[in-house]
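K.L.:
Each protein sequence line maps, in turn, to chains A and B. For the first sequence, our numbering gives the first residue as 1, with consecutive numbering after it. For the second sequence, our numbering gives the first residue as 1001, with consecutive numbering after it. Take this structure, written in structure tokens, and hold onto it; I'll ask about it next.
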Amino acid sequence: MNHILEKHTLQDLLQSWRQDYDVYLPQKMENFSHFMPLTETSVLVDGDPHNTRIPPKALFLPMNEALVKFTRFGGYEDAKHEIQSRIVFGIRPCDAQAVQLLDTSFIQEDNIDPLWSERREKTITIGLGCHEPCQTGFCTTVGYGPFDRADLDAMLTDLGETYLVETFSEAGEGCFLGLPVASEEIYNQALDIQRSAHDQMPVAFETENLKGKLEQNFKSDYWDTVSQSCLGCGVCTFLCPTCFCFDIVDETQRRERVRNWDSCMFRTYSLEASGHNPRPSRVERTRQRLSHKYVYWLDQVNQIGCTGCGRCVRYCPVGLDIRAMLRQAQTLPFEVSHAA
Amino acid sequence: MVVRGCENRSVNALVVEKQKSRENLFLIGVPCEGILDWHKIVSEVGEAVTAVKEDGQNLMVETRDGYQLLERADFLHDSCKRCIHPNPMSADILIGEPLPEGDPNLARTTVENFETQTIEDRYAWFQKEAERCIRCYACRQACPMCYCEECFVDHIEPRWTESGATPAGMQGWHIVRAFHQTGRCTSCGACERACPMDIKMTYLTEKLNHDMRDKYNFEAGLDAQSQPPFAAVTLDDKNRFTVRGE
């Protein structure tokens, strides 16, 4: 169902949710926005056209979390996590798509990550579409869009003084009970905004045959060229909404086994106990990062593993731009006969 | 290599530490007027910036809605604003006219602003900054003086600091990273520029740099011979930092 939400009533609505849920929404932290729990004094971020700096994957896969606690005399027990029912409000469609993509990794038939899956089950996600697409985003290029529903429970479209609320699930509808129903006219007005936002997004690169080109040119000099200025830090992967690698470490002083975010751009990521490193330099690591998103995800779930949020472009300390890297990849030689 | 003042100092410091051989390098020096901070431009003009053009002391910022004229000097990175030596001092050739030296008091102010706070406030500031860290190590990778084959945070046995983005891990990283730079930091500010979380960290290294200037009359990278005081050993070492020394 479609509703109308007056912006000046938003704060009251959010506060009313707090009776039954932990409510997370983007709030100002220094010069950027960050998903934080709503408190009585929270100030809403108004008019930030960007997604949060740290992607909301962190709400489901925290940067650091204990898995096991060691007890005396060699024993151990599961680390206890009280996972509350939550509403995540204001998630951007690219980030919602990313979380849904990550389900394919964390929730597999015979292999379910209990923490990820419990957090997913207990979370209602309410999206905020992007009526002013950001400069570095390229969601439409990779097959998504600034108003994509993903598996959101509801989505808002900014109409100036009001939001149009589209609800896509019972849980989503439950959050907006009692709000006036949007007229056909207002709904059409919102659809226009959604279409216009979609049309404003430029095509950043062509995706046709991209997978094949990256695969066939595995040994090409291309990788030396595009990785040349890479610093080998973890910015692109840590701020990526679809990067999900983690490392499991025993923090002996805390008597915990923890899982930390890890990055394929780090030397230690692929370093083996023998001292051998199958990805010895930034060339191989860059190839891994791009190929994972534009080749291996396609092999595994037939979807590009990048939702075009643009964080890696915006925050790379040396200005490496995945859009330019992939445009360059499109100029690589490609043999159709190989593709099958 | 084309080098600015800070980069020339970094090359010198790396030659001192035998990481580079000066004979193999030909340095083309460029006096530097400072690097622009795009975060500052965006927070002034808004997100819709499409292009920025430099025109002398002005910046012409093109946005979706039109143009805006800004003064270049207001939008430099903090480390560039307080740069003392903008001119490369030992380049093989210099391109352009040398610039006037910066005011050393400006670097001092950063340290003083921090030092004059109460100990509680200093700790609160340090926590607020350090605990935004995501452990991506962009600061380390961007630093000209961080070249260890294996960084202390990557060492597993013994583990020198907590591995994850925990308060102890983040504080441990920021403190030890800074202290490894004692007498080695060339004040280029690359660490702060690279940080994706806008973490302030040069106040720590500037304090160390100030102590080096103050107590040892030493500044890293001014020449390609002088050892950092904490790396040098002499028989007449005064040992004045131990309690009973003299």
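Quick reminder that beta carbons are idealized off the backbone N, C-alpha and C, glycines included.
1) Residue range of the beta strand (DSSP E) that B:Y1067 falls in?
2) If we define contact as Cβ-Cβ less than 8 angstroms, is A:E284 a contact residue for chain B?
3) For the beta strand (DSSP E) holding B:K1053, just list the boundary residues, first then last.
4) Under 7 angstroms Cβ-Cβ, which residues of chain A neighbour B:Q1141?
5) Return the chain-ordered list of same chain residues with a C-beta closer than 8 angstroms to the C-beta of B:W1160, the five sequence neighbours on each side being excluded.
6) Tell me, please, whether the CB atom of B:D1154 is closer than 8 angstroms to any CB atom in chain A?
7) Let me know the secondary structure DSSP gives A:Q84 once reduced to three states.
8) I need the DSSP call for B:I1175, collapsed to helix, strand or coil.
9) Assuming A:T141 contacts A:G308 (C-beta within less than 8 angstroms), just tell me the rounded distance between them.
10) When you compare only the Cα positions, how much space is there between B:T1186 and B:Y1137?
11) Which residues in chain A have a C-beta closer than 8 angstroms to the C-beta of B:D1198? List them in chain order.
12) Considering only C-alpha positions, which residue in the set B:C1080, B:D1037, B:V1011, B:H1180 is nearest to B:A1231?
13) State the start and end residues of the unbroken alpha helix (DSSP H) segment that holds B:P1104.
14) In angstroms, rounded to a whole number, what distance separates the CA positions of A:F246 and B:E1054?
15) Along the region 238-259 of chain A, what residues have a CB closer than 7 angstroms to any CB found in chain B?
16) Using only CA atoms, which one of B:L1222, B:P1196, B:L1204, B:R1072 lies nearest to B:Y1123?
17) Measure the beta-carbon distance from B:M1145 to B:R1184 and round it to whole angstroms, keeping in mind my assumption that it falls under 8 angstroms.
18) Using the three-state DSSP reduction, which class does A:K28 fall into: helix, strand or coil?
19) In this structure, what does DSSP give as the bridge partners for A:H3?
20) Which of the three DSSP states is assigned to B:Q1127 in this structure?
21) What does A:H131 reach in chain C if we use C-beta pairs closer than 9 angstroms?
22) Which chain A residues are close to B:R1004, counting only those with a beta carbon under 8 angstroms from its beta carbon?
23) Assuming B:G1029 and B:N1008 are in contact, meaning their beta carbons sit under 8 angstroms apart, how far apart are those beta carbons, in whole angstroms?
24) With a threshold of 16 other CB atoms inside 10 Å of the CB of B:V1002, please say whether the residue is buried or exposed.
25) Relative to the alpha-carbon of A:A154, which residue among A:E118, A:L128, A:L25, A:V23 has its alpha-carbon at the smallest distance?
P.N.:
Checking against the coordinates, here is how it stands:
1) Residue mapping note: residue 1067 of chain B aligns to position 67 of the second sequence, counting from 1. Start and end: 1066-1071.
2) What you label residue 284 of chain A is simply residue 284 of the first sequence in a count that begins at 1. Output row for A:E284: interface = no.
3) Here residue 1053 of chain B refers to the residue found at position 53 of the second sequence. 1049-1055 is the extent of the beta strand (DSSP E) around B:K1053.
4) In the second sequence, counting from the first residue as 1, residue 1141 of chain B sits at position 141. Going along chain A in sequence order, the residues near B:Q1141 (Cβ under 7 angstroms) are L231, G232, C233.
5) Taking the second sequence and counting its residues from 1, the one referred to as residue 1160 of chain B is at position 160. Same-chain partners within the cutoff: F1152, V1153, G1172, V1176.
6) To locate residue 1154 of chain B, count along the second sequence from 1; it is residue 154. Chain A contact via Cβ: present.
7) As a working mapping, residue 84 of chain A is identified with position 84 in the first sequence. Residue state, collapsed to three classes: coil.
8) Here residue 1175 of chain B is taken as the residue at index 175 of the second sequence, counted from 1. Helix at B:I1175.
9) In the first sequence, residue 141 of chain A corresponds to position 141, counting from 1. In the first sequence, residue 308 of chain A corresponds to position 308, counting from 1. Confirmed, Cβ separation roughly 6 angstroms.
10) On the second sequence, residue 1186 of chain B is found 186 positions in, with the first residue counted as 1. On the second sequence, residue 1137 of chain B is found 137 positions in, with the first residue counted as 1. Cα to Cα, the separation comes out at about 19 angstroms.
11) In the second sequence, the residue the question calls residue 1198 of chain B occupies position 198. The answer, in chain order, is E30, N31, F32.
12) Within the second sequence, numbered from 1, the residue matching residue 1231 of chain B stands at position 231. That would be B:H1180, whose Cα lies nearest to the Cα of B:A1231.
13) Translated into the one-based positions of the second sequence, residue 1104 of chain B becomes position 104. Counting along the chain, the alpha helix (DSSP H) containing B:P1104 begins and ends at 1104-1115.
14) Counted from its first residue, the first sequence places residue 246 of chain A at position 246. Counted from its first residue, the second sequence places residue 1054 of chain B at position 54. Whole-angstrom Cα-Cα distance: 43 angstroms.
15) F238, L239, V249, E251, V258
16) Here residue 1123 of chain B is taken as the residue at index 123 of the second sequence, counted from 1. Checked all of B:L1222, B:P1196, B:L1204, B:R1072; the closest Cα to B:Y1123 is B:L1204.
17) In the second sequence, the residue the question calls residue 1145 of chain B occupies position 145. In the second sequence, the residue the question calls residue 1184 of chain B occupies position 184. Yes, B:M1145 and B:R1184 are in contact; Cβ-Cβ is about 5 angstroms, under 8 angstroms.
18) Working through the first sequence from its first residue, we reach residue 28 of chain A at position 28. Correct three-state label for A:K28: strand.
19) Sequence index remark: in the first sequence, residue 3 of chain A carries index 3 (1-based). A:V165, A:V181.
20) Position 127 of the second sequence, counted from the start, is the residue given in the question as residue 1127 of chain B. Three-state DSSP puts B:Q1127 in a helix.
21) Among the protein chains of the structure shown, namely A and B, there is no chain C.
22) Counting from one through the second sequence, the residue named residue 1004 of chain B turns up at place 4. Ordered by position in chain A, no residue passes the 8 angstroms Cβ test against B:R1004, which lies about 16 angstroms from the chain.
23) Against the second sequence, residue 1029 of chain B aligns to sequence position 29. Against the second sequence, residue 1008 of chain B aligns to sequence position 8. Indeed they touch by this definition, with Cβ atoms about 6 angstroms apart.
24) Here residue 1002 of chain B corresponds to residue number 2 of the second sequence, with the count starting at 1. With fewer than 16 Cβ atoms within 10 Å of its Cβ, B:V1002 is classed as exposed.
25) Sequence index remark: in the first sequence, residue 154 of chain A carries index 154 (1-based). With distances taken between Cα atoms, A:A154 lies closest to A:L128.
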